[in-house]
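Before any comments, here is the structure.
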Amino acid sequence: MTPFAFIVGVFYLAAAVFFVVGLHQMRTPRTARRGNLISAGGMIIAVGATLVYAIALSNSHPLGWIALAAGVILGGGFGIVRSRSVKMTDIPQLVSLFNAVGGGAAAAIAFADFLSRDVSAGLTPTTSVPVVLDVIIGSVSLSGSLIAAGKLQGVIPGQPIQFPGARVLNVVVVLIALGAGAATILLPASWPLLLVVLIASVLFGVLMVLPIGGADAPVVVSLLNAFTGLAVAMAGFVIDNQAMIIAGALVGAAGTILTLQMAKAMNRSVLTIMLGGFGTGDGAEVTPGTSTTANVREVTADDVGLQLAYARHVIIVPGYGLAASQAQHEVAELAKLLTDHGIDVKYAIHPVAGRMPGHMNVLLAEANVPYTQMLQLEEANPAFDTCDVALVVGANDVTNPAARRPGNAVSGMPILDVDHAKSVVVVKRSMSPGYAGIPNELFSLPQTGMLFDDAKKALGDITLSVKQYVTT
Amino acid sequence: MTETLFSNLAIFVLSLLVGFEVISKIPSTLHTPMMSGANAIHGVVIAGAIAIAAAANTPAGYILTFIAALFASANVFGGYVVTDRMLRMFTPAAAPPSLTASVPAAIKPGKSS
Chain R
2 MTPFAFIVGV
12 FYLAAAVFFV
22 VGLHQMRTPR
32 TARRGNLISA
42 GGMIIAVGAT
52 LVYAIALSNS
62 HPLGWIALAA
72 GVILGGGFGI
82 VRSRSVKMTD
92 IPQLVSLFNA
102 VGGGAAAAIA
112 FADFLSRDVS
122 AGLTPTTSVP
132 VVLDVIIGSV
142 SLSGSLIAAG
152 KLQGVIPGQP
162 IQFPGARVLN
172 VVVVLIALGA
182 GAATILLPAS
192 WPLLLVVLIA
202 SVLFGVLMVL
212 PIGGADAPVV
222 VSLLNAFTGL
232 AVAMAGFVID
242 NQAMIIAGAL
252 VGAAGTILTL
262 QMAKAMNRSV
272 LTIMLGGFGT
282 GDGAEVTPGT
292 STTANVREVT
302 ADDVGLQLAY
312 ARHVIIVPGY
322 GLAASQAQHE
332 VAELAKLLTD
342 HGIDVKYAIH
352 PVAGRMPGHM
362 NVLLAEANVP
372 YTQMLQLEEA
382 NPAFDTCDVA
392 LVVGANDVTN
402 PAARRPGNAV
412 SGMPILDVDH
422 AKSVVVVKRS
432 MSPGYAGIPN
442 ELFSLPQTGM
452 LFDDAKKALG
462 DITLSVKQYV
472 TT
Chain S
583 MTETLFSNLA
593 IFVLSLLVGF
603 EVISKIPSTL
613 HTPMMSGANA
623 IHGVVIAGAI
633 AIAAAANTPA
643 GYILTFIAAL
653 FASANVFGGY
663 VVTDRMLRMF
673 TPAAAPPSLT
683 ASVPAAIKPG
693 KSS
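Protein chains in written order, with this note's numbering: chain R, 2 to 473; chain S, 583 to 695.
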C-alpha cells in the first residue's frame with residue numbers, strides 16, 4: 002500500500018464514520034435533518050478523496066474525464082431539478098428511480114472494469130465473482146426499480162401482470178443469467194458472456210416486478226433498495242473501494258430491515274409477495290359493497306362534526322385512501338381547528354400506511370402536522386383506550402379486530418386497536434373489503450358510524466360542521 | 583490479492599452488522615426519509631464512476647463512464663436534495679394548545695399555517 006493509497010483509505014474511513022453517524026441521527030425527527038447533512042458531508046469527503054487519487058494516478062485519455070463531466074452535469078442536474086419539483090405523494094416513484102440508477106451505475110462500473118482488464122490470461126475468481134454478482138444484482142435492481150416506479154406512477158398498470166408461462170420464462174431467464182455468470186467465472190473470460198448475464202438479469206428484473214400488485218409496492222421498493230446497496234458494495238469489491246463497500250452494506254442492511262418489517266406489518270411473507278399475483282393492488286376499492294351491511298350504522302358529516310366538537314381526545318387514523326384522494330391538507334385543517342379549540346388530536350399511523358414505509362408521515366408533515374402528533378403503532382394502541390372519537394379515513398384492514406382471532410386472512414397482522422375507542426367514525430366510499438378481501442368487523446360494531454363519501458369531500462364537510470359548533 | 587479480498591469481506595460483513603444495528607433503531611415515522619437518505623448514500627457509487635473514468639481508454643469505456651456518471655450523479659444529488667426537503671418539513675408542535683393549556687386557547691383565532 003502506497004502512502005497515497007493509505008491517506009485515501011483514511012478519508013474513506015472518515016466518510017464511513019460520517020455515514021453511520023448521519024444514519025444514527027435519523028432516529029429522532031429533531032436530529033434527522035442534521036443527520037442527512039452529516040451523511041452528505043461524508044459523501045463529499047469520499048468523492049473528493051477518490052477524485053484526487055484518480056486524477057493523480059490517471060493515465061487515461063481526456064475523453065474519459067469529459068464523459069464523466071458530461072454525465073455528472075446531466076445526471077446531477079436532472080436529480081436536483083426532479084427532487085426540488087417532485088410532489089410528496091410521488092416520493093415512492095422517485096426513490097424507486099434512484100434505486101434504479103444506483104443499480105445501473107454499479108452494473109456499468111463492473112462492466113467497464115471487466116473490459117479494461119487484460120482478460121486473455123483469464124481472471125482470478127476474486128475479481129470475476131464480484132463482477133458477475135455486481136452485474137446480476139445491479140441489472141435486476143435497474144429494471145425492477147424502473148418497473149416499480151412505472152407502476153407507482155401509473156404508467157404501468159398497478160394490477161399484477163401475469164401471462165401464461167410466466168413462471169417458466171422466469172426460471173429460464175434465471176438459469177441463463179446464472180449459467181452465463183458461472184461460465185464467465187469458470188471459462189476464459191469474454192465480454193459477450195457478461196453481456197448475456199446483463200441482458201438476462203435485466204429481463205429477470207422486469208419479470209420479477211410485473212406480477213407484483215401495486216399495494217405491495219412498499220415491500221418491493223424496500224427490497225430493491227437493499228439490492229441496490231448490495232450492487233454498490235459488489236462494485237466496491239470490483240474496484241477495491243472501501244467507501245463503496247461500507248456504504249453499500251449499510252444500505253443493504255437498511256433495505257433488508259425495512260423489507261422484513263413491511264412484510265410483517267402486511268401479514269405477508271416476502272416470498273409470497275415476490276411470487277406475486279395474489280394482491281389486488283389498486284383495484285381494491287373498485288368492487289361495490291357486497292359484504293354484510295346489516296348492522297352498519299350510517300352517519301352524516303354533521304353528526305361527526307357534533308361528536309368531534311364535544312370530544313376531548315380524538316385520534317385520526319389515516320390510510321391509503323387518504324393519500325389516494327390527496328386529502329392530507331383537509332385532514333390537517335380539521336385537526337388544527339380541533340386543536341385550536343383545546344381538543345387533543347393525534348394521528349395513529351400504521352407502518353404500511355401510504356405507498357412506501359413511513360410515507361403517510363411525510364404527507365402529514367407536508368400538511369404542517371407536527372411530528373409530535375404522529376403516533377406509531379406501539380404508541381397509538383394504548384391511546385385508543387382513552388380516546389373519545391377515532392376518525393378512520395381511508396384505512397381498512399389495519400383496523401380489523403378479526404386480526405386478533407386465528408383462522409382468517411388478517412390473523413396475526415399487527416393492527417391499530419381502533420375498536421377500543423369510545424366512538425368510531427369511518428370515512429369510506431363504500432363497504433368494499435380492503436386488500437385482504439374480508440369484511441372489516443370494525444364497521445359493524447355498535448360504536449361505529451360509517452360516513453360514505455370521498456375522503457377529501459367528507460373531511461371538508463366535517464370541518465364546516467365542526468365550525469358551527471365551536472366558533473360561537 | 584486474497585489478503586485484500588479478505589479485509590474487504592471483513593469490512594463488508596461488519597458494515598452490514600452496523601447497518602442492522604443503526605437502522606433498527608429508526609422509528610417508522612422516519613422510514614421514508616431514512617430510505618431516501620440511504621438511497622443518497624448508495625450514490626457513493628459515483629466514486630466508482632470516477633475510478634472507471636480514470637481507466638477509460640476505449641469507446642466502450644467512455645460510454646460506460648458516461649452512463650455510470652449520469653446514473654450515479656442523479657442518484658447522489660437527487661437523493662440528498664429530496665431527503666433534505668422531506669426532513670425540513672418535520673417540525674415539532676408550535677406551542678400546542680393541549681388540554682393543560684388554559685381556556686384562552688379556545689378564544690385565540692387559529693394561527694395561520
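Idealized CB from N, CA, C, for every residue including glycine.
Subject >> Where ALA391 (chain R) falls: helix, strand or coil (DSSP) >> reply: Here residue 391 (chain R) refers to the residue found at position 390 when the first sequence is read from its first residue. DSSP places ALA391 (chain R) within a strand segment (E or B) once states are collapsed to three.
Original post:
How would you write the range of the beta strand (DSSP E) that THR529 (chain R) sits in, first residue to last?
Top reply: An answer regarding residue 529 (chain R) cannot be provided, because it is not within the stretch 2 to 473 covered by chain R.
Original post:
For the stretch 142-205 of chain R, which segments carrying the alpha helix (DSSP H) assignment without a break, of at least 4 residues, lie completely within its bounds, in sequence order?
Top reply: Complete alpha helix (DSSP H) runs here, min 4: 167-187.
Original post:
In whole angstroms, what is the alpha-carbon distance linking VAL172 (chain R) and LEU194 (chain R)?
Top reply: On the first sequence, residue 172 (chain R) is found 171 positions in, with the first residue counted as 1. On the first sequence, residue 194 (chain R) is found 193 positions in, with the first residue counted as 1. Rounded to the nearest angstrom, the two C-alpha atoms are 19 Å apart.
Subject >> Beta-carbon contacts of GLN1 (chain R) that lie in its chain and below 7 Å, excluding the five residues immediately before and after >> reply: The requested residue 1 (chain R) is not part of the displayed model; chain R covers only 2 to 473.
Original post:
If you draw a straight line from the alpha carbon of PRO609 (chain S) to that of GLN377 (chain R), how long is it in whole angstroms?
Top reply: One-based indexing of the second sequence puts residue 609 (chain S) at position 27. One-based indexing of the first sequence puts residue 377 (chain R) at position 376. Cα to Cα, the separation comes out at about 8 Å.
**OP:** Could you check what DSSP says for MET496 (chain R) in three-state terms: helix, strand or coil?
**Re:** Missing from the structure shown is residue 496 (chain R); chain R here goes from 2 to 473 and no further.
Original post:
Are there three or more Cβ pairs, one per stretch, closer than 8 Å when the stretch 242-258 of chain R is compared with the stretch 163-172 of chain R?
Top reply: A contact is defined here as three or more CB-CB pairs under 8 Å, and the stretch 242-258 of chain R fails this definition with respect to the stretch 163-172 of chain R.
**OP:** For SER97 (chain R), name the three-state secondary structure that DSSP assigns.
**Re:** Taking the first sequence and counting its residues from 1, one reaches residue 97 (chain R) at position 96. SER97 (chain R) carries a helical assignment under DSSP once its states are collapsed to helix, strand and coil.
Original post:
Roughly how many angstroms lie between the CA atoms of PRO93 (chain R) and HIS360 (chain R), to the nearest whole one?
Top reply: Position 92 of the first sequence, counting from 1, holds the residue named residue 93 (chain R). Position 359 of the first sequence, counting from 1, holds the residue named residue 360 (chain R). Taking the straight line from one Cα to the other gives about 8 Å.
**OP:** Please state if the CB of HIS330 (chain R) and the CB of LEU1 (chain R) are separated by a distance shorter than 8 Å.
**Re:** Shown here, chain R extends from 2 to 473; a query on residue 1 (chain R) therefore has no answer.
Original post:
Of all the CB atoms in chain S, is at least one closer than 8 Å to the CB of MET414 (chain R)?
Top reply: Residue mapping note: residue 414 (chain R) aligns to position 413 of the first sequence, counting from 1. No, its Cβ sits nowhere closer than 8 Å to a Cβ of chain S.
**OP:** Residues of the stretch 252-279 of chain R with a CB closer than 8 Å to any CB of chain S: list them in chain order, please.
**Re:** Taking 8 Å as the Cβ-Cβ cut-off against chain S, the residues of the stretch 252-279 of chain R that qualify are VAL252, GLY253, ALA254, ALA255, GLY256, THR257, ILE258, LEU259 and GLN262.
Original post:
Just to confirm, does ALA190 (chain R) get its C-beta within under 7 Å of one of the non-hydrogen atoms of the ligand ZN?
Top reply: Absence of the ligand ZN is noted for the structure shown, with no ligands found whatsoever.
Subject >> Near-chain S residues of the stretch 193-216 of chain R - C-beta to any C-beta below 8 Å >> reply: Identification of residues in the stretch 193-216 of chain R having a C-beta nearer than 8 Å to some C-beta of chain S yields an empty set.
Subject >> As assigned by DSSP and simplified to three states, the class of LYS347 (chain R) >> reply: Position 346 of the first sequence, counted from the first residue, corresponds to residue 347 (chain R). DSSP places LYS347 (chain R) in strand when its eight states are reduced to three.
Original post:
Any idea which residues DSSP pairs PRO402 (chain R) with across the strands?
Top reply: For this step, residue 402 (chain R) is matched to residue 401 along the first sequence. DSSP, once it has assigned bridges, lists no residue as partnering PRO402 (chain R).
Original post:
Can you tell me whether DSSP reads ILE439 (chain R) as helix, strand or coil?
Top reply: By 1-based counting over the first sequence, the position of residue 439 (chain R) is 438. For ILE439 (chain R), the three-state secondary structure derived from DSSP is coil.
Subject >> Interface residues of chain S facing ASN100 (chain R) [CB-CB closer than 9 Å] >> reply: As a position in the first sequence, residue 100 (chain R) is number 99, starting the count at 1. The answer, in chain order, is ASN621, HIS624 and ASN657.
Original post:
Just curious, the beta strand (DSSP E) that ILE609 (chain S) is in, first and last residue?
Top reply: Here residue 609 (chain S) corresponds to residue number 27 of the second sequence, with the count starting at 1. The question names Ile, but residue 609 (chain S) is Pro in the sequence shown. Careful: PRO609 (chain S) lies outside any beta strand (DSSP E) and carries neither H nor E.
Original post:
For a contact meaning CB atoms closer than 7 Å, what does TYR311 (chain R) contact in chain S?
Top reply: Within the first sequence, numbered from 1, the residue matching residue 311 (chain R) stands at position 310. Going along chain S, no residue has its Cβ under 7 Å from TYR311 (chain R), so there is no contact; the nearest lies around 13 Å.
Subject >> Contact set for ASN369 (chain R): own chain, Cβ-Cβ below 7 Å, skip 5 residues either direction >> reply: Stepping through the first sequence from its first residue, residue 369 (chain R) is reached at position 368. Sequence-distant partners of ASN369 (chain R) (beyond 5 residues in either direction) whose C-beta falls short of 7 Å from its own C-beta, in its chain, are ALA333.
**OP:** Could you tell me whether the stretch 640-647 of chain S touches the stretch 58-76 of chain R, using the rule of 3 or more Cβ pairs below 8 Å?
**Re:** Touching, yes, given that three or more Cβ pairs across the two stretches are closer than 8 Å.
Original post:
Comparing alpha-carbon positions, which option in R:GLY23, R:GLY435 and R:LEU225 lies nearest ALA149 (chain R)?
Top reply: Along the first sequence, read from residue 1 onward, the residue named residue 149 (chain R) stands at position 148. Nearest C-alpha to ALA149 (chain R): R:LEU225.
Original post:
Can you list, in chain order, the residues of the stretch 227-250 of chain R whose Cβ is nearer than 7 Å to any Cβ on chain S?
Top reply: Result list: THR229, GLY230, VAL233, ALA234, ALA236, PHE238, ILE240, ASP241, ASN242, GLN243, ALA244, MET245, ILE246, ILE247, ALA248, GLY249 and ALA250.
**OP:** Note down the Cα distance separating ARG356 (chain R) from ASP398 (chain R), rounded to an integer number of angstroms.
**Re:** Working through the first sequence from its first residue, we reach residue 356 (chain R) at position 355. Working through the first sequence from its first residue, we reach residue 398 (chain R) at position 397. Computed Cα separation, rounded: 15 Å.
Original post:
To the nearest whole angstrom, what separates the beta carbons of ILE39 (chain R) and PHE12 (chain R), a pair I think is in contact under 8 Å?
Top reply: Numbered from 1 along the first sequence, position 38 holds the residue referred to as residue 39 (chain R). Numbered from 1 along the first sequence, position 11 holds the residue referred to as residue 12 (chain R). That belief does not hold up - the Cβ atoms of ILE39 (chain R) and PHE12 (chain R) are roughly 16 Å apart, past 8 Å.
Original post:
Since ASP389 (chain R) and ALA312 (chain R) are thought to touch, with beta carbons under 8 Å apart, how far apart are those beta carbons, to the nearest angstrom?
Top reply: Locating residue 389 (chain R) in the first sequence gives position 388, counting from the first residue. Locating residue 312 (chain R) in the first sequence gives position 311, counting from the first residue. About 4 Å separates the two Cβ atoms, so the contact holds.
Subject >> Residue-level contact to chain S via CB, GLU367 (chain R), 8 Å cutoff >> reply: Within the first sequence, the letter at position 366 stands for residue 367 (chain R). Residue-level contact check: GLU367 (chain R) touches chain S, since one or more beta carbons of chain S fall below 8 Å from its beta carbon.
Original post:
Taking the alpha-carbon positions, what's the ASN441 (chain R) to PHE453 (chain R) distance?
Top reply: As a first step, residue 441 (chain R) must be located in the first sequence, where it is residue number 440. As a first step, residue 453 (chain R) must be located in the first sequence, where it is residue number 452. Within the model, the alpha-carbon separation for ASN441 (chain R) versus PHE453 (chain R) is close to 15 Å.
**OP:** Excluding the 5 residues preceding and the 5 following GLY278 (chain R) in the sequence, name in chain order all residues of the same chain whose CB lies nearer than 7 Å to its CB.
**Re:** To locate residue 278 (chain R), count along the first sequence from 1; it is residue 277. Note that GLY278 (chain R) scores a pLDDT of 48, beneath 50, so its modelled location is shaky; the value from the coordinates is reported in the next line. The residues PRO161, GLN163 and PRO212, in chain order, have a CB closer than 7 Å to that of GLY278 (chain R) in the same chain once the five nearest residues on each side in sequence are set aside.
Original post:
With burial defined as no fewer than 16 other Cβ atoms inside 10 Å of the residue's Cβ, what is the status of MET209 (chain R): buried or exposed?
Top reply: Locating residue 209 (chain R) in the first sequence gives position 208, counting from the first residue. Under this definition MET209 (chain R) is a buried residue.
Original post:
What span of residues does the beta strand (DSSP E) with LYS429 (chain R) cover, start to end?
Top reply: Locating residue 429 (chain R) in the first sequence gives position 428, where the first residue counts as 1. Where LYS429 (chain R) is concerned, the enclosing beta strand (DSSP E) stretches over 424-429.
Original post:
For TYR372 (chain R), which residues from the same chain have a beta carbon less than 6 Å from its beta carbon, with the 5 sequence-adjacent residues on both sides left out?
Top reply: For the purposes of this step, residue 372 (chain R) is taken as the residue at position 371 of the first sequence. Counting only Cβ-Cβ distances below 6 Å, and skipping sequence neighbours, we find PRO30.
Original post:
Leaving out five residues before and five after ILE110 (chain R) in sequence, what residues of the same chain have Cβ atoms less than 6 Å from its Cβ?
Top reply: If you number the first sequence from 1, residue 110 (chain R) lands on position 109. The beta carbon of ILE110 (chain R) lies closer than 6 Å to those of ALA236 in the same chain, with the five residues before and after it left out.
Subject >> Interface residues of the stretch 74-89 of chain R facing chain S [CB-CB below 9 Å] >> reply: Near chain S, meaning a CB-to-CB distance below 9 Å, the residues of the stretch 74-89 of chain R are ILE74, LEU75, GLY76, GLY77, GLY78, PHE79, GLY80, ILE81, VAL82, ARG83, SER84, ARG85, VAL87 and MET89.
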